[in-house]
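The sequence shown begins at 4 in our numbering and counts up one residue at a time.
From the three backbone atoms N, C-alpha and C, an ideal C-beta is built for every residue, glycine too.
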Amino acid sequence: MFKEKIGSDEQYKYWNESVSYWLKYDNEINKKFNNITQTLFSNLSFSNAKYILDVGCGSGYTTKIISDKIKGFGSVLGMDLSAPMLALLNKKYKSIKNISTIHSDVQNYKFKEKSFDIVISRFGLMFFANPQLAFNNLNKSIKKGGILSFVCWTDYQYNDFFSIPVKVLSSVTGLKKNRLTRNPGPFAFSNKNYIYKILQNSNFKKIKIKTIKTKLIAENITKDLNIFMKIGIAAKMMRENNINKITKKKIKLKLNNYLIRNIYNNAGSYKAKVFLVRAIK
Ligand SMILES: C[S@@+](CC[C@H](N)C(=O)[O-])C[C@H]1O[C@@H](n2cnc3c(N)ncnc32)[C@H](O)[C@@H]1O
4 MFKEKIGSDE QYKYWNESVS YWLKYDNEIN KKFNNITQTL FSNLSFSNAK
54 YILDVGCGSG YTTKIISDKI KGFGSVLGMD LSAPMLALLN KKYKSIKNIS
104 TIHSDVQNYK FKEKSFDIVI SRFGLMFFAN PQLAFNNLNK SIKKGGILSF
154 VCWTDYQYND FFSIPVKVLS SVTGLKKNRL TRNPGPFAFS NKNYIYKILQ
204 NSNFKKIKIK TIKTKLIAEN ITKDLNIFMK IGIAAKMMRE NNINKITKKK
254 IKLKLNNYLI RNIYNNAGSY KAKVFLVRAI K
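What follows is the structure, given as structure tokens:
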């Protein structure tokens, strides 16, 4: 753990001990998020950017995109709480000179003040025990006039990736999804006003939060099923409620039938809704 750790132990534990499926399905997850990645980058110009921070960079898909965009004149730092995710990033991109990484907690890492031109994140900013502290810290690390830009999930009911597995899990087990809270997790930032307030309190200006309706790619049902059984809220509910093997099998079978009917033979993709957030220091 880190010297000045203030993050939640639960998050540290999860991102360091339970990410084997994130690692295994790294390619699939990045493919799935392709439209969202494009949305995030469509919002930004890197032409004068010398130093970029990718927050909660995970296995580095977006870090590599940034590295390509600033090759020859800039460098990118990927920071993440997860040692295994960073190990994968470093394995994939170890020969790339303008990428560096730090294994730390963004909430309390002592960044050099006013050092970044752009701070960016794809789904890496919703896991803070103390979001205000994290955004204050990020604000200090950005140069005057620098940009913060990130994507985060809106309410889970607008996101098939999360809502379909929960629906099927509930129909098999009777378990009900708890109401959304602001606790660290994928939906901590699913309220626009809450994001706005945190950014305003940490002195960001010109805050813009766009709601983007988009789609996640559905390409391989076997891999999707494996992902849904291990990653996301339904998977968390199964872990927390100690769902046994036989029940898991039933859930997986029903999920398979649901996906065939509603996604693979019908929509062809998962509907999704995210916030694209942009602010200036
Ligand atoms: C949903 S994953 C997204 C990873 C990556 N940005 C992507 O799009 O593939 C969230 C990431 O945030 C990281 N994270 C969570 N809390 C963090 C913190 N306090 N400081 C740094 N990274 C954190 C996790 O370890 C994880 O890699």
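query: Just to confirm before moving on: does the CB-CB distance between VAL22 and ASP57 stay below 8 angstroms?; result: no
query: Give a single yes or no on whether TRP156 has its beta carbon closer than 7 angstroms to a heavy atom of ligand 1.; result: no
query: For ligand 1, is there any heavy atom lying closer than 7 angstroms to the beta carbon of GLY59?; result: yes
query: Pull the bridge partners of ILE234 from the DSSP assignment, please.; result: DSSP, once it has assigned bridges, lists no residue as partnering ILE234.
query: At a cut-off of 7 angstroms, would you count ARG185 as near ligand 1, judging by its Cβ distance to the nearest heavy atom?; result: no
query: Just to confirm, does THR42 get its C-beta within under 7 angstroms of one of the non-hydrogen atoms of ligand 2?; result: Questions concerning ligand 2 fall outside what the structure shown contains, since the ligands it does hold are ligand 1.
query: Rounded to the nearest angstrom, what separates PHE49 and LEU43 at their Cα positions?; result: 13 angstroms
query: Quick one: is the Cβ of ASP163 within less than 7 angstroms of any heavy atom of ligand 1?; result: no
query: Taking the Cβ atom as the reference point for each residue, do VAL277 and THR217 lie within a distance shorter than 8 angstroms?; result: yes
query: Taking Cβ to Cβ, would you say LYS159 is nearer than 8 angstroms to PHE190?; result: Before going further, note that residue 159 is Tyr rather than Lys in the sequence given. A contact, by the Cβ cut-off of 8 angstroms.
query: Could you check the C-alpha separation between ILE9 and LEU136 for me, to the nearest Å?; result: Note on ILE9: pLDDT 47, under 50, position unreliable in the model; the coordinate value appears next. Their Cα atoms are separated by approximately 10 angstroms.
query: Got a sec, what are the start and stop residues for the alpha helix (DSSP H) PHE76 sits in?; result: Unbroken run through PHE76: none, as it is neither H nor E.
query: Determine the contact status of ALA238 and PRO187, defining contact as a CB-CB distance below 8 angstroms.; result: no
query: Would the C-beta of LEU84 count as close to ligand 1, meaning under 7 angstroms from any of its heavy atoms?; result: yes
query: For ILE266, report the span of its alpha helix (DSSP H) as first-last.; result: From DSSP, ILE266 is part of no alpha helix (DSSP H); its letter is neither H nor E.
query: For the alpha helix (DSSP H) that contains LYS311, what are its first and last residues?; result: This structure cannot settle anything about residue 311, because the visible part of the chain is limited to 4 through 284.
query: Where does LYS6 fall in DSSP's three states?; result: Residue placement at LYS6 is flagged as unreliable, the pLDDT there being 46, under the threshold of 50; a coordinate-derived value is accordingly withheld.
query: Give the range of the beta strand (DSSP E) segment to which LYS16 is assigned.; result: First-last for LYS16: 12-20, but that is the alpha helix (DSSP H), not the beta strand (DSSP E).
query: Buried or exposed for ASN244, please, with buried defined as at least 16 other CB atoms from any protein chain shown within 10 angstroms of its CB.; result: exposed
query: Classify TYR197 as buried or exposed, calling it buried when 16 or more other Cβ atoms lie within 10 Å of its own Cβ.; result: exposed
query: Tell me, to the nearest whole angstrom, how far the beta carbon of PHE164 is from that of GLY59; I am working on the premise that it is less than 8 angstroms.; result: That belief does not hold up - the Cβ atoms of PHE164 and GLY59 are roughly 18 angstroms apart, past 8 angstroms.
query: Under a three-way DSSP split, which group does LEU151 fall into?; result: strand
query: Between the alpha carbons of LEU91 and SER62, how many angstroms are there, rounded?; result: 5 angstroms
query: What's the C-alpha gap between MET88 and ASN30?; result: 13 angstroms
query: Let me check understanding here. Comparing Cα to Cα, which of TYR24, LYS274, ALA52 and GLU13 lies closest to ILE145?; result: ALA52
query: Between LYS6 and the rest of its own chain, which residues show a CB-CB distance below 8 angstroms, the 5 nearest in sequence each way excluded?; result: Because LYS6 sits at a pLDDT of 46, beneath the cut-off of 50, its placement in the model cannot be relied upon, and the following sentence gives the value as read from the coordinates. So no residue of the chain qualifies.
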